[in-house]
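Working notes, structure below.
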Amino acid sequence: MEIREKTAEKAWKKLLKYVLENGVEFIDRKNRLCKETLNIITVIENSDEITKPLEILSSFQKWVYPPLEEIKNSILGKKDTAGYYYHYGSRAFNYNGINQINDYVIPLLKKDSTNKRGIVVFYGPEKDTLPLKKETPGMVMMNFNIRNKKLHATAVIRSNDLFYGWPANIIHTYFLAEYIGKELNCPIGTITTISISAHIFEDQFEYIKKIIGMR
Amino acid sequence: MDKTKQKILSLFKEKSELSTSEIAERIYEEYIVLKEKLEKNKKDIKTKREIARLHRKLLHHINKLIDYELLITSKHGEKGHKFFSLNLSDGEEISEISLKFKKRTIISKPALPIMPIEGYEQQGIVMKYEFPTWIDRLNSIVLLGEKIENIKELDSIIDKIFPLINDCFCIDNFNEIIGKAKEDEIFEFFKKIDSECENFGKKASFIISFYKLKDFDKVLGKIIESNLKNIIFIYDLDSEELQENFGLISRIIFIYLKYNKIIYIKNKKIQKAPCFIGKAGPYSFSDKEWLEKKEILAIACSQSSLIVDTEKFYSLYELDSEKFSQLMLNISKAFLSANSLQRRKSEDYFREILSLNHPNEKEFLELSRNYIRFWNFGLSQPDTNPEIVLNMISEAKKKINEFSLAEETIYKSCGMPTRFKISFSCSFKEASDKLSFAKYKHLEIKNLEDFYDKKIKKEILARESISSMFDGGNDITFHRTGNFNCDDIVREISIIMGNYKLPFFSYSFGSLKGDMKITSFLK
Chain S
14 MEIREKTAEK AWKKLLKYVL ENGVEFIDRK NRLCKETLNI ITVIENSDEI TKPLEILSSF
74 QKWVYPPLEE IKNSILGKKD TAGYYYHYGS RAFNYNGINQ INDYVIPLLK KDSTNKRGIV
134 VFYGPEKDTL PLKKETPGMV MMNFNIRNKK LHATAVIRSN DLFYGWPANI IHTYFLAEYI
194 GKELNCPIGT ITTISISAHI FEDQFEYIKK IIGMR
Chain L
-19 MDKTKQKILS LFKEKSELST SEIAERIYEE YIVLKEKLEK NKKDIKTKRE IARLHRKLLH
41 HINKLIDYEL LITSKHGEKG HKFFSLNLSD GEEISEISLK FKKRTIISKP ALPIMPIEGY
101 EQQGIVMKYE FPTWIDRLNS IVLLGEKIEN IKELDSIIDK IFPLINDCFC IDNFNEIIGK
161 AKEDEIFEFF KKIDSECENF GKKASFIISF YKLKDFDKVL GKIIESNLKN IIFIYDLDSE
221 ELQENFGLIS RIIFIYLKYN KIIYIKNKKI QKAPCFIGKA GPYSFSDKEW LEKKEILAIA
281 CSQSSLIVDT EKFYSLYELD SEKFSQLMLN ISKAFLSANS LQRRKSEDYF REILSLNHPN
341 EKEFLELSRN YIRFWNFGLS QPDTNPEIVL NMISEAKKKI NEFSLAEETI YKSCGMPTRF
401 KISFSCSFKE ASDKLSFAKY KHLEIKNLED FYDKKIKKEI LARESISSMF DGGNDITFHR
461 TGNFNCDDIV REISIIMGNY KLPFFSYSFG SLKGDMKITS FLK
């Protein structure tokens, strides 16, 4: 299944609608009713309004959505932070002492813009493939490709809460692409997510319907 | 640090980014002269060489400063010109350059965002505990005694945690350390800690269980006699240990009686996790989480606290359950913002203590919670129906728990899994000088038979209900009056432990008037 839209907002609404209407129901380990579709690819062609889904979520009074600054810090912050069970930024910039961005992706793409190895991996088997591990990264990896003089970013997400999580995931992908793009002097192209388990939860259905209906 | 390097660093106070040439002009007087000379004759090789020599000399110092992580190369300009700036994170600024090559930084506090409690703060209903350090310090930290070698090591760890807390710290299983130290050493240690607590406005709790504990009464006598009022001992025991250590416990109680001091008891049958007290009120952990914790040395107990003066709330909104729940929800949102700011800066704020838990640094905040402390909440106020109060608090707690769980889910979904927990507890008067006049009715015990009196039993049971709702800890004080001796008190403690679900309580002998019948004990 592939969704391709001009803006983040349109892509999000289409994604939510699709899983709401076509998702397969199941009960997860926390006893929550979910609707799930496996393997959805979502392409955002223009990232100018990448924060729009976040703005929509923040407009609800029922919850407090993480501020943009915190989301940005969680992907660009280089230090591992005691307050989080894991931290994308530190895994990208300092994974067991390896800076995957500055010492690998950027030089690699600088040297060869057609290179297909521009990947950043967040999931670490030695850290995460432990049966009793409480929290492991949902976003497994990102890939950066330069095509038609634009930097295209793709995030692979193993478990993707489309309602609460996806708006933050695309911002993570955007900010990392922006960081790399600046170094390469290359504008951002498409932002793509590959959601392996794309799901929504029953208690979100009411709000999802509201969002789908928003103009 | 040599003068040249200090001079280089001081240049960045005026300008955030400087090129090699700009730095050279300000460091070496001859550099400008040479540059002017070269301007006049661009083929002057001797001058060119001289300029290159100064560049190399300067770059030697700059490279050293980069090695010390004080400077970074900020960009590369035309013709390979390098630009440099201070190696600082967001919010840091250099206040002083240490002679030991260390960077001394002030971590500037991030501005607090607008919070939905400000209206209540203006009304005096809500107060931030220790407002100036609400974000950049923790309320309380617990150190595990069994992980500490000796008093000397403990002393040096306490030095590290002092600047990180704004209320108190607690040493669990302190009996493990006492056994390894001499009496004088222990006494001197407590004198020092008390003096530091006095200077910095903090409290220190020491939890003592009776395992391996011998003759503690000797050193305790000296400590209590010296009126070290910032040091609190909490005796961690169960009914069986109470019987097994009857003699020592009686001797300990005698000391408290003699000096009219409050003795704190923790019932380990009901609660395994530490309970302790600070200026703001009692602290505790979730027992279930405590038992699952990893083997680390230091554990944060409370991040931020808000005091709710319920008396002021009642006077403006009466016992309006909906309004009260709304206030609690707004408080939760305020904590969420505060925690978000604190998390982002945690590596800077708490670096010293995080290193103590290496390689399990992340575990430091894994049990911590935020505290809502209630003052004058009306359980023992003659004009307030306790049933309604209990219901109101219990409803609010349910809503807060739902909100906290939802926020944890959102953060997890966003790839930022974090902990967000809020606990309820009572507030002490010392928490703020703006609290309403205390309307609290003392729980007075005149004799052993009082424990079988229906009215008193009901009063204790009401407090028991509050204790079960106050998951952040609650302190029930039994004010003992009348005639009694130490053995009577031990028996009474045994009754409380055996009949009530009170994880933490205290005995106050403050209203004694001399007829203590303790002379028999002096033998």
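Quick mapping for you: the protein sequence lines, in order, are chains S and L.
When we follow my numbering, the leftmost residue of the first sequence carries the number 14, and every step to the right adds one.
When we follow my numbering, the leftmost residue of the second sequence carries the number -19, and every step to the right adds one.
In this text, a Cβ means the ideal position worked out from N, Cα and C, and glycines have one as well.
Fair warning: this is a prediction, and the values are worked out from it, not measured in the lab.
Asked	Found
Beta carbon proximity, Y101/S to chain L, threshold 7 Å	yes
DSSP three-state assignment for D300/L, whether helix, strand or coil	coil
Rounded separation between L51/S and I141/L - CA only	49 Å
Option in Y187/S, Y177/S, A105/S and L197/S with minimal Cα separation from F73/S	Y177/S
Cβ neighbour criterion (16 or more within 10 Å) applied to K80/L	Any reading at K80/L must be qualified, since the residue scores a pLDDT of 39, below 50, and its modelled position is unreliable; the value itself is stated next. With fewer than 16 other Cβ atoms within 10 Å, it is exposed.
Residues from the region 367 to 395 of chain L in contact with chain S, defined by Cβ distance under 9 Å	F383, A386, E387, T389, I390, Y391, K392, S393, C394 and G395
Span separating the alpha-carbon of G202/S from that of Y391/L	28 Å
Strand pairing of Y351/L, partner residues [DSSP]	S285/L and S403/L
Alpha carbon of I128/L to alpha carbon of A280/L, nearest angstrom	17 Å
Beta-carbon gap between D455/L and W355/L smaller than 7 Å	no
7 Å Cβ cutoff, Y98/S in contact with chain L	yes
Minimum Cβ-Cβ distance from L345/L to chain S less than 7 Å	yes
Amino acids of chain L, ordered along the chain, whose beta-carbon sits closer than 7 Å to that of G151/S	G395
Minimum Cβ-Cβ distance from W76/S to chain L less than 7 Å	yes
Minimum Cβ-Cβ distance from I209/S to chain L less than 7 Å	no
Reduced DSSP category for D468/L - H, G, I as helix; E, B as strand; rest coil	helix
Alpha-carbon spacing of I225/S relative to L70/S, whole angstroms	12 Å
Cutoff 7 Å: N237/S Cβ touching any chain L Cβ	Since the displayed chain S opens at 14 and closes at 228, residue 237/S lies outside it and no answer follows.
Other residues of its chain near Y8/L: CB distance less than 6 Å, five sequence neighbours each side excluded	L34
Residue span of the beta strand (DSSP E) that contains T205/S, given as start and end	I201 to F214
Where the beta strand (DSSP E) containing K183/L begins and where it ends	K183 to S189
Option in F404/L, F464/L and D467/L with minimal Cα separation from S445/L	F404/L
R513/L, enclosing alpha helix (DSSP H) - first and last residue	In the structure as shown, chain L begins at -19 and stops at 503. Residue 513/L is therefore absent and cannot be evaluated.
Residues in the region 176 to 205 of chain S having any Cβ partner in chain L nearer than 7 Å	Y177, G178, A181, N182 and H185
Contact residues within the region 299 to 321 of chain L, judged by C-beta distance below 7 Å to chain S	K313, L316 and S320
Touch test, the region 257 to 268 of chain L against the region 321 to 330 of chain L, Cβ-Cβ under 8 Å, three pairs minimum	no
Cβ neighbours of I380/L in the same chain (closer than 6 Å, five flanking residues each side left out)	M308, S312 and I402
Nonlocal neighbours in the same chain, by C-beta distance under 7 Å from L271/L, ignoring five residues either side	K252
Sufficient close CB pairs (3 or more, under 8 Å) joining the region 234 to 253 of chain L to the region 482 to 490 of chain L	yes
Straight-line Cα distance separating R6/L from K(-5)/L	12 Å
Simplified DSSP assignment, three categories, for A95/S	coil
Closest residue to I204/S among Q217/S, V153/S, T186/S and N198/S (Cα-Cα distance)	T186/S
Cβ separation of S284/L and N350/L, assumed to be a contact under 8 Å, to the nearest whole Å	5 Å
Beta-carbon proximity of G125/L to I151/L, cut-off 7 Å	yes
Through-space distance from L334/L to I131/L, alpha-carbon basis	21 Å
In DSSP terms, what T50/S is bridged to	A211/S
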